[in-house]
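Numbering (full-length UniProt numbering), first residue to last: 1 to 254.
Note that the Cβ used here is the ideal one computed from N, Cα and C, for glycine as well.
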């Protein structure tokens, strides 16, 4: 791994990079540390020909700019999908907020047509971890802003999402913000307010099945049971669905 000195003016930041929010006070603190100890960890860039696209390290880049530095230590990556490299690097450093991570994961999922299971393997996480992150995108814009600003935690956000009634969810958010509710208290409050909502639960199950099987799924519920319908449009697609359910090693040889 080669570290080179690159002119800061030649580095272009990416508007789609995972980190969306930058705390200026922390940038100042980082700049102060760099002025004393130097930059201990190089930024990661991709050579685009006439310039360099920043993959990871925008906080470090901003801090170096504040110090008036002309060059910065960098590692040049060759991977085509630098969006994935940026996300992995930020996750490993734990630099992203929960919402920033959710947005980045969803961008990669959509742009590459990945399933949650494929994303989990790529990022070294469990499928449940990926599913829980993506659920944060179902928050309303106000709650997202509070989560991004650090006014509520990811645990608070999960408690809010467990409340399907939007009016009650708004009241719960007010309690969290102005009543200083802990995550545990927020969860208890959500359970007290939450009515039985089987339909919403079935919709979530339907979405999970469709995402993992990569096909349309329908769930019909009745008082004494229900029916799940899985659509396929070719023998190859049927085989793929069955392999995902029972595993390729158990698929019958026909």
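From residue 223 to residue 202, what does the alpha carbon distance come to, in whole angstroms? 14 Å
Using C-beta distances below 7 Å, list every residue in its chain close to residue 14, excluding the 5 sequence neighbours before and after it, in chain order. 53, 54
Would you mind working out which of 59, 214, 166, 47 sits nearest residue 29, comparing C-alpha positions? Nearest of 59, 214, 166, 47 to residue 29, Cα basis: 59.
Distance between residue 102 and residue 31 (C-alpha atoms, nearest Å): 28 Å
Roughly how many angstroms lie between the CA atoms of residue 166 and residue 215, to the nearest whole one? Straight-line Cα distance between these residues: approximately 29 Å.
Exposure of residue 100, with buried meaning 16 or more beta-carbon neighbours within 10 Å: buried
To which residues does DSSP link residue 218 through a beta bridge? 229
Alpha carbon to alpha carbon, how far is residue 233 from residue 147? C-alpha separation (whole angstroms): 41 Å.
For residue 152, three-class secondary structure by DSSP: coil
Straight-line Cα distance separating residue 70 from residue 276: Nothing in the structure corresponds to residue 276, since the chain is present only between 1 and 254.
Is DSSP giving residue 52 helix, strand or coil here? Reduced to three states, the DSSP call for residue 52 is strand.
Return helix, strand or coil for residue 125, following the three-state DSSP convention. coil
Evaluate the contact criterion for the segment 131-144 versus the segment 104-118: three or more CB pairs, one atom per stretch, below 8 Å. Two segments are said to touch when three or more pairs of C-beta atoms, one from each, lie closer than 8 Å; by this definition the segment 131-144 touches the segment 104-118.
Spell out whether any CB of chain B is found under 7 Å from the CB atom of residue 22. The structure shown has no chain B; it contains just one protein chain.
Distance, residue 26 Cα to residue 225 Cα: 55 Å
Whole-angstrom C-beta distance between residue 42 and residue 74, which should lie under 8 Å: 5 Å
Find out if the Cβ-Cβ distance for the pair residue 159, residue 139 is shorter than 7 Å. No, these two residues do not count as a Cβ contact at 7 Å.
CB of residue 35 within 7 Å of CB of residue 61, strictly: no
CA-CA distance, residue 240 and residue 155? Rounded to the nearest angstrom, the two C-alpha atoms are 36 Å apart.
My understanding is that residue 242 touches residue 229, with C-beta atoms under 8 Å, so please give their C-beta distance in whole angstroms. In this structure, residue 242 and residue 229 do not form a Cβ contact; the two beta carbons are roughly 15 Å apart against a cut-off of 8 Å.
From residue 219 to residue 244, what does the alpha carbon distance come to, in whole angstroms? 19 Å
Quick check: residue 44 and residue 57, are their CB atoms within less than 7 Å of each other? yes
When you compare only the Cα positions, how much space is there between residue 209 and residue 123? 21 Å
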